[in-house]
Structures are given as structure tokens and as C-alpha cells.
Amino acid sequence: MTTRYKALFEELQKNGEGAFIPFVMLGDPNMDESASIIETLVKSGADALELGIPFSDPVADGPVIQTAANRALESGITPDGCFKIIENFRMKNDTIPIGLLVYANLVIGRGARNFYSRAAKSGVDSVLIADVPTLASGSFVEYARDAGIDAVFIAPPNADDAKLREIAGLTCGYTYFLGRSGVTGADREMSAPLSSRIALLKSSGAPPVVVGFGISKPEHVRASLEAGADGAIAGSATVAIIERRLDDRDLMHEELARFVKDMKSATKGKG
Numbered sequence: 029m030t031t032r033y034k035a036l037f038e039e040l041q042k043n044g045e046g047a048f049i050p051f052v053m054l055g056d057p058n059m060d061e062s063a064s065i066i067e068t069l070v071k072s073g074a075d076a077l078e079l080g081i082p083f084s085d086p087v088a089d090g091p092v093i094q095t096a097a098n099r100a101l102e103s104g105i106t107p108d109g110c111f112k113i114i115e116n117f118r119m120k121n122d123t124i125p126i127g128l129l130v131y132a133n134l135v136i137g138r139g140a141r142n143f144y145s146r147a148a149k150s151g152v153d154s155v156l157i158a159d160v161p162t163l164a165s166g167s168f169v170e171y172a173r174d175a176g177i178d179a180v181f182i183a184p185p186n187a188d189d190a191k192l193r194e195i196a197g198l199t200c201g202y203t204y205f206l207g208r209s210g211v212t213g214a215d216r217e218m219s220a221p222l223s224s225r226i227a228l229l230k231s232s233g234a235p236p237v238v239v240g241f242g243i244s245k246p247e248h249v250r251a252s253l254e255a256g257a258d259g260a261i262a263g264s265a266t267v268a269i270i271e272r273r274l275d276d277r278d279l280m281h282e283e284l285a286r287f288v289k290d291m292k293s294a295t296k297g298k299g
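This is the structure we're talking about:
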């Protein structure tokens, strides 16, 4: 299996840090600018990347990320174009973990085995399919394993103990723990009882736990780590900067850099 996540979390633990992982939509606002945005995120201190492939019906996403997907689709981006962005980035950086957050139709549409093979060839480390429950995940896990890709699963805050233990046994690379229920969005803060659920996941053998949904401020990152998480993902808050500064590229990159630096700073001094 891929080892970039393992190497990252071991290094962060040694340094007493958590992971900060920004999410952006590939192809937003266009292919060239998307590649530049990813460069800015990494240069500013992102520990890993979570990247979306635009889809027309993103049921787990709130309006900010839905709009980003629409911008990317309107710019003409395709899944192959998304993989090309990742391939070009991998020529410059072969160490940072890259995860894809996608929907099942995108995987099935090109043949699931082919999708995972293409993802691996481009340099992707993990794939999280937002609308595939654990009960229907068998073939996807098999194809991911065969391609050397980590299959990541979402741990909902309202899942019972048995379900969390099941997820802990299935997910690889890291565990995506929802800080709250619902869809993505920076306007609604995390509200789940983090510590007890994270403790259960870890005692059940889950890989490093990363909190997403409702992460938009440094204090959310700190709260996640204090609850026992190993990192935090910010999606809507990152994408909102892109949306707000579409007409001023320089300011967009300045604000993205400042946001990542502030969020990463909140991961230091963990434990």
C-alpha cells in the first residue's frame, strides 16, 4: 500500500504536530489556476491535499463547494484533466499525500478498476467516495487495494459503536471523521462529541483520525486536536477564498497562503 500518509503522520507525531489538510476542487476556476492554487497551498504549509473531481450532483456538499464544482465544469475540466493536474504536480513534489474526494458515478463511469489504476498512475494516495456506504464498498476496496490506493471512509458523528468499529477496520491511510452531520459548509461549526468517538475509532485500530466539516478557524483545528484527532480538513473555508477573489488572482493567493499558515500554526504544540 501507499506509504505517504504513514510517513507524514509519523513525522508529525515526532514533531508534536497535527496535520492541516486543505480541500479544493480540481479545475476551479480553471485548469491552470487550479494548478497554481495547489502550489500555493503546499508552499504555505499544507501537510496533505484533499482534492475534488467536479461532479454535477455533489449530494454531500454545501453551496460553496457545489458552486466550485460548477465553475470547474463550466471551464471545461474533465476527470482526465484533473488527473493531469495531479501528474504535473507530482513531477515537482513526490512526498505530500494526495487524496481524492469523489462520487460513485465518477468512479463507475470510466470503469471502477480503470479509475483506481488511473488515480494511482497520476500519484494519488487515497480515494474517498462520498456516497458509497460501507455495505456497498466491497468491490471499491478491492480495486483500490489492487491499485495500491488507500480506500478512505467517513466516520459519521452519530454512528453507533459497531459501525465505527467497522469503519475503523475498513479505512486506510486516514479516517475522515465528521465534526458534525449534514453537508459541507464553513457557516456551520462542528458540534459532534469528538473525544469519545475518536477514542473509540483509535481503540478499534483506525488509522490517523482527521476531522472535517465545520473546520474554518484555527480554534476549530485546536479543538479537534485536543479531542484526540491527528489533524483537520478545511474545505468550504478554503474554497470560499477562491470564490471571493476570482477577480483578483494575486489577492486570492495571498489570502490562501495566510489562511493555510494560520491553520497550520494551530496544529503545533499538539500533545
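Those letters in the sequence shown? Residues 29 to 299, per the numbering used here, in order.
For each residue, glycine too, the CB sits at the ideal point set by N, CA and C.
Keep in mind it's a predicted model, so treat the numbers as computed, not measured.
Is residue i helix, strand or coil by DSSP?
{"i": "Ile-126", "result": "strand"}
{"i": "Lys-112", "result": "helix"}
{"i": "Phe-205", "result": "strand"}
{"i": "Gly-256", "result": "coil"}
{"i": "Leu-274", "result": "coil"}
{"i": "Gly-197", "result": "helix"}
{"i": "Gly-80", "result": "strand"}
{"i": "Lys-296", "result": "strand"}
{"i": "Ile-243", "result": "coil"}
{"i": "Ile-269", "result": "helix"}
{"i": "Asn-98", "result": "helix"}
Can you find a C-beta in chain D that's less than 8 angstroms from the C-beta of residue i?
{"i": "Asn-43", "result": "The chain inventory of the structure shown lacks chain D, comprising one protein chain alone."}
Which residue marks the beginning of the beta strand (DSSP E) containing residue i, and which one marks its end?
{"i": "Leu-54", "result": "No beta strand (DSSP E) contains Leu-54, which DSSP labels as neither H nor E."}
{"i": "Val-180", "result": "178-180"}
{"i": "Val-237", "result": "237-240"}
{"i": "Glu-45", "result": "Careful: Glu-45 lies outside any beta strand (DSSP E) and carries neither H nor E."}
Using the C-alpha atoms, what's the distance from residue j back to residue i?
{"i": "Gly-197", "j": "Ala-234", "result": "6 angstroms"}
{"i": "Pro-236", "j": "Asp-75", "result": "14 angstroms"}
{"i": "Arg-250", "j": "Ser-231", "result": "22 angstroms"}
{"i": "Thr-266", "j": "Pro-50", "result": "7 angstroms"}
{"i": "Asp-278", "j": "Lys-120", "result": "22 angstroms"}
{"i": "Gly-109", "j": "Gly-263", "result": "21 angstroms"}
{"i": "Asn-133", "j": "Ala-158", "result": "11 angstroms"}
{"i": "Val-169", "j": "Ala-179", "result": "6 angstroms"}
{"i": "Lys-34", "j": "Cys-200", "result": "10 angstroms"}
{"i": "Tyr-202", "j": "Arg-141", "result": "22 angstroms"}
{"i": "Leu-229", "j": "Gly-207", "result": "14 angstroms"}
Going by DSSP, what residue range makes up the alpha helix (DSSP H) through residue i?
{"i": "Val-70", "result": "59-71"}
{"i": "Val-135", "result": "132-137"}
{"i": "Pro-86", "result": "Premise fails: Pro-86 is in no alpha helix (DSSP H) and is neither H nor E."}
{"i": "Lys-230", "result": "222-231"}
_Measuring CB atoms only, is the region 89-103 touching the region 284-297, in the sense that at least three cross pairs come out at less than 8 angstroms?_
Too few Cβ pairs lie closer than 8 angstroms, so no.
Problem - Within the region 144-187, ranges of the beta strand (DSSP E) (whole runs, at least 3 residues) - result: Within the region 144-187, the complete beta strand (DSSP E) runs of at least 3 residues are 154-157 and 178-180.
With a cut-off of 8 angstroms, do at least 3 Cβ pairs link the region 41-48 to the region 78-85?
-> No, the region 41-48 is not in contact with the region 78-85.
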